[in-house]
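Here the sequence shown is numbered in mature numbering (1 follows the signal peptide of the UniProt record, and there is no 0), starting from 113 and rising by one per residue. Working notes, structure below.
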Amino acid sequence: STSYPFATVEAKWQAYWKEHRTFATPSRRITNEDGTITRSTKKKKYVLDMFPYPSGAGLHVGHPEGYTASDVMARYWRMTSHDVLHPIGWDSFGLPAEQFAINTGTHPEVTTIKNINNFRRQLQMLGFSYDWDKELATTDINYVKWTQWIFLKLYERGLAMQSSVNVNWCPALGTVLANEEVINGLSERGDHPVVRMPLRQWVLKITEYADRLQKGLEGLDWPAGTMVAQEQWIGKSEGTEIDFMVDGLEDKKVTVFTTRADTLFGVTYLTLAPEHPLVSLVTTPDQKTEVDSYVTTTASRSDLDRTASKEKTGVFTGGYAIHPLTNEKVPIWISDYVLGSYGTGAVMAVPAHDERDFEFASKFGLDVKWVVGPAVDGSTGTSDNGEETPTDVAFTDYGVNINSGEYDGMTTIDAKKAITNKLKEISSGGPKITYKLRDWVFSRQRYWGEPIPIYFPVDFPEGVNAMDVDPKVDECEHTIRYDLPIPVAESELPLVLPEMEDFSPGDDPAGCLARAKSWRYFQRDGKWFARETNTMPQWAGSCWYYFRFLDPKNDDMAFSPELDEDWMPVDLYVGGAEHAVLHLLYARFWHQVLYDLGYTKHPEPFQKLVHQGMILGSDGEKMSKSRGNVVNPDDVVDAHGADALRLYEMFMGPLEAVKPWQTSQVAGVVRFQNKLYNVVQSAVQNGGAAELDDETTKILHKTMKKVTEDINSMSFNTAISAMMVLTNHLTSLKGQVPKEAAEKLVLMVSPFAPHLGEECWNLLGHTESLAYHPWVEYDEALCVDNTVKMGVQVNGKKRGEIEIPTDADQDGAMDAAMKVQSVSAQVDGNDIKKVIYVPGRILNIIVAK
Ligand code: ANZ
């Protein structure tokens with residue numbers, strides 16, 4: 113047997129595909145001779161990978177896993193008569209290239225181009241059937257132009273605005289840090305103090321789409337876990353807003369948000385977030401010092417910190433509010449377990465039925481009033497007098513109201529409704545839906561991102577003539593009128609980054625672009641203006657790249673409406689579960705805005721989503737440089753070829769499963785490739801003389817059925833094992849391999865191992881690529897098992913097993929049974945009294961002993 117010469121074969125077919133533009137995207141519209149346009153009647157499939165960030169490290173083995181899976185589908189769909197769009201590009205803005213620039217002075221663009229070239233080489237080496245004409249990078253100036261254009265659309269819609277946002281500012285590092293980068297008030301890098309301070313930021317109002325983002329999930333074919341993650345992130349909460357008038361202040365009220373309006377009679381105090389605007393108003397003079405100091409100390413804590421900490425802290429403000437139903441006075445406290453950014457930033461505290469309130473009340477000796485008891489008679493939490501506290505934990509279950517006046521005896525659900533209605537009636541509140549989703553802080557004080565296409569007028573001190581000063585060079589005193597933003601005209605896009613030598617953020621919270629003065633300041637009609645110096649976050653580019661793939665070279669628009677109609681939505685989106693929340697939510701948000709603006713006919717971008725499972729090192733641990741367990745795709749391809757890597761990654765286990773790399777199994781797929789290659793050689797050598805026998809026909813049809821079904825359900829590992837079984841069978845024919853069987857096997861293996869597929873197809877005498885050859889068709893009748901296995905009993909006791917044709921008669925069954933030694937031993941020499949035979953079910957031989 114010959115060993116398969118993968119290296120030459122793979123290079124040959126990659127060159128062939130390139131030369132013949134085999135994977136060019138077909139047009140979905142055909143222009144007829146008379147100029148009319150006919151739409152393609154074929155079905156379409158838009159197969160999309162989450163495009164990579166081109167890091168300096170190159171591809172890791174996790175990339176080819178998802179990319180092979182989508183490539184198998186793209187290739188399969190081409191063979192099943194679909195028009196296929198299968199593009200790739202680069203998510204090339206981002207921190208590592210910028211950090212490298214800061215450390216070495218190499219422009220991020222230089223690093224980015226170098227890394228993209230390496231990634232492209234690797235993807236081409238793996239034989240993915242991308243249409244390389246669609247390639248784009250988010251850093252391309254032609255792409256940035258349209259990203260900025262979409263920002264302007266958001267701005268026009270009032271969905272992009274400036275806002276003062278509390279950020280983690282690290283003066284020593286001169287930068288804003290993400291919550292995850294701050295540990296106990298110090299920067300993760302370098303342990304420098306971090307302060308929470310308000311900074312002017314651009315914010316996208318994704319909260320306006322909260323409901324749509326939630327509802328849009330219905331009808332998508334996404335992994336359940338990802339749907340839940342998105343839902344939880346959006347965090348729709350249905351409850352009630354309730355107004356408590358502030359005692360002694362006629363027109364001031366504290367509005368709280370609660371999901372348990374039924375517990376209103378159990379309120380014993382209110383708690384405001386320390387940053388709540390009413391804090392200073394309700395605080396009495398004698399409590400002022402204590403309140404002020406609490407507000408200051410808690411100001412530096414992040415929301416995460418505040419919700420995570422067990423120990424409750426807080427201060428009494430000295431003020432009181434009036435209960436809307438009982439008119440009782442309830443004290444107003446402040447505590448940082450109440451978040452300023454959720455609901456109304458104020459809660460009605462019900463210690464008897466809320467754990468956090470219970471802890472707080474216990475610590476500060478506040479009243480506990482029980483107002484809900486278990487629905488079924490029991491002792492926990494029930495009490496008919498508010499002074500007793502029958503348990504030492506809050507009763508948070510639903511039940512029946514007690515101590516609640518006219519609402520006594522109502523179930524929690526009924527009481528919520530009744531009390532909410534009552535509040536509405538007396539204009540003290542009503543139903544309210546809130547969301548956990550926050551608006552999206554969209555600006556970064558960084559160099560390597562899309563400049564935000566906004567500028568502002570510049571004011572000079574009175575008496576200074578704009579003609580006499582030049583903020584580009586002078587240290588002249590001036591004010592940038594951030595309150596008067598002006599969008600860059602569409603005709604002036606793209607707004608490109610300035611050339612700089614120092615890419616570090618610097619100590620100006622306005623970011624590093626603030627130092628590029630000749631870029632930042634410009635004069636128009638005798639007036640000075642200053643550009644926005646914040647850039648967009650890396651998320652921006654990945655929010656809409658799937659649209660640009662439709663039409664990457666269009667200079668007049670982001671993408672044409674015809675191509676949107678022809679190809680959207682994405683039929684299959686494959687990528688890591690780490691993007692389950694942010695990327696997928698941000699992209700859906702932009703999509704929905706573009707939908708509302710009429711740029712797309714499709715309400716959602718990604719119809720089916722699949723996450724590939726992580727590939728672990730051979731030690732079962734996450735691959736990492738420090739562990740030294742990283743497998744490099746280049747090495748695997750050098751040693752065994754691209755198809756072996758592709759086959760192995762699809763054979764490792766279910767696509768979605770987390771699975772360890774096992775080098776021994778790579779050898780297994782290499783053997784499979786060699787066997788398949790030899791089977792094909794045999795078929796060629798016997799010159800079509802070998803005929804299909806019944807057994808081979810059956811195995812072939814069963815395999816075609818299994819592989820087809822498995823590809824449709826993306827169960828690639830079982831499809832490959834079925835092909836292995838068929839290959840072993842054909843090998844066992846000792847050279848008498850029927851050509852038809854070899855051809856069908858080659859067609860089936862080609863989406864997984866496309867180079868091997870093309871080479872074998874060529875050996876079998878075909879001169880054209882098999883990329884568009886019709887997929888195999890199986891005969892359902894030949895896939896049915898026509899033998900059946902059944903047990904044989906003698907006098908009711910099982911003695912053996914036979915395999916007989918499904919339609920065998922009693923004589924046939926008996927013949928087979930008597931050939932089984934353990935059966936004949938019981939029967940021979942005895943009188944057969946009776947035979948009970950139910951075809952396929954029972955064969956019981958009754959003998960007289
Ligand atoms: C009174 C009450 C009684 C509550 C009770 C619960 C149980 P979700 O489901 O997450 O929306 N809450 C409201 N705003 C808050 C804020 N800014 N910071 C911290 N907690 C806040 O939860 C809503 C509940 O969380 C509200 O219902 C409120 O406590 C609290 F037996 O109000 B509840």
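Every residue, glycine too, gets a C-beta built ideally from N, C-alpha and C.
6 Å Cβ shell around residue i - same chain, five flanking residues per side excluded
i          : result
VAL819     : ALA831, ALA834 and MET860
THR494     : Its pLDDT being 44, under 50, THR494 is placed unreliably by the model, and nothing is read from it.
GLU499     : Its pLDDT being 42, under 50, GLU499 is placed unreliably by the model, and nothing is read from it.
LYS629     : LYS584
LYS548     : GLY347
residue 70 : Nothing in the structure corresponds to residue 70, since the chain is present only between 113 and 961.
HIS867     : VAL121, GLU122, TRP125, GLY239 and ASP755
HIS691     : none
PRO138     : ASP195
ASN497     : Note that ASN497 scores a pLDDT of 44, beneath 50, so its modelled location is shaky; the value from the coordinates is reported in the next line. Same-chain partners within the cutoff: there are none.
C-beta atoms of residue i and residue j nearer than 8 Å
i      : j      : result
PRO745 : GLN211 : no
ALA272 : PHE263 : yes
ASP755 : PHE135 : no
ASP469 : ALA458 : no
VAL196 : ALA186 : yes
TYR685 : LEU721 : yes
GLY903 : GLU913 : yes
HIS132 : SER881 : yes
GLN704 : TYR321 : yes
PHE377 : ASN291 : no
GLY206 : TYR165 : yes
HIS175 : MET735 : no
LEU311 : SER299 : no
ALA506 : PRO443 : no
ARG758 : PHE864 : yes
Sequence-distant residues of its chain with Cβ nearer than 8 Å to residue i (five each side left out)
i           : result
residue 963 : It is not possible to answer for residue 963, since the shown part of the chain is limited to 113 through 961.
VAL268      : Val is not the amino acid found at residue 268; the sequence shown has Glu there. Counting only Cβ-Cβ distances below 8 Å, and skipping sequence neighbours, we find PRO599.
ASN942      : VAL959, ALA960 and LYS961
THR918      : ASP897, ASN898, THR899, VAL900, PRO951 and GLY952
VAL581      : PHE572, CYS588, HIS590 and TRP640
Any non-hydrogen atom of the ligand ANZ within 7 Å of residue i CB
i      : result
ARG758 : no
PHE828 : no
PHE369 : yes
TYR449 : yes
VAL462 : yes
SER153 : Correcting the residue identity first, residue 153 is Thr in this sequence and not Ser. No, the beta carbon of THR153 sits no closer than 7 Å to any heavy atom of the ligand ANZ.
ALA385 : yes
THR375 : yes
HIS465 : yes
Sequence-distant residues of the same chain with beta carbon closer than 7 Å to residue i, five excluded per side
i           : result
THR501      : The predicted model places THR501 with a pLDDT of 45, which falls under 50 and marks its position as unreliable, so this point remains unresolved.
ILE954      : ILE948
GLU177      : GLN724, ILE727 and GLU761
SER115      : ASN786
SER672      : ASP663 and ASN666
residue 973 : Because residue 973 is not part of the residues shown, which for the chain are 113 to 961, the question remains open.
ALA901      : According to the sequence displayed, residue 901 carries Lys and not Ala. So the qualifying residues of the chain are GLU913 and GLU915.
GLY490      : Here GLY490 scores only 44 on pLDDT, less than 50, and its place in the model is too uncertain to base an answer on.
Cβ separation of residue i and residue j, assumed to be a contact under 8 Å, to the nearest whole Å
i      : j      : result
VAL796 : LEU876 : 6 Å
LEU607 : GLN260 : 6 Å
PRO717 : VAL748 : PRO717 to VAL748, Cβ: 33 Å. No contact.
THR375 : HIS465 : 5 Å
GLN313 : VAL277 : 4 Å
GLY426 : SER447 : 3 Å
GLY800 : LYS851 : 5 Å
LYS364 : LEU393 : 6 Å
LYS475 : LYS424 : 6 Å
ASP355 : GLY517 : At roughly 19 Å, the Cβ-Cβ gap does not stay under 8 Å, so ASP355 and GLY517 are not in contact.
Cβ-heavy atom distance, residue i to the ligand FMN, below 7 Å
i      : result
VAL459 : Absence of the ligand FMN from the depicted structure is noted, with the ligand ANZ being the only ligands included.
Query - Runs of beta strand (DSSP E) wholly within the stretch 869-906 (minimum 3 residues, chain order) - result: List check, beta strand (DSSP E) in window: 899-906.
Query raised in the report: For the stretch 736-815, which segments carrying the alpha helix (DSSP H) assignment without a break, of at least 4 residues, lie completely within its bounds, in sequence order?
Result: If we require 4 residues or more, the alpha helix (DSSP H) runs fully inside the stretch 736-815 come out as 745-752, 754-763 and 775-797.
Query raised in the report: What are the start and end residues of each continuous alpha helix (DSSP H) run of 4 or more residues lying completely inside the stretch 617-667, in chain order?
Result: Listed in chain order, the complete alpha helix (DSSP H) runs (minimum 4 residues) inside the stretch 617-667 are 629-632, 651-654 and 657-660.
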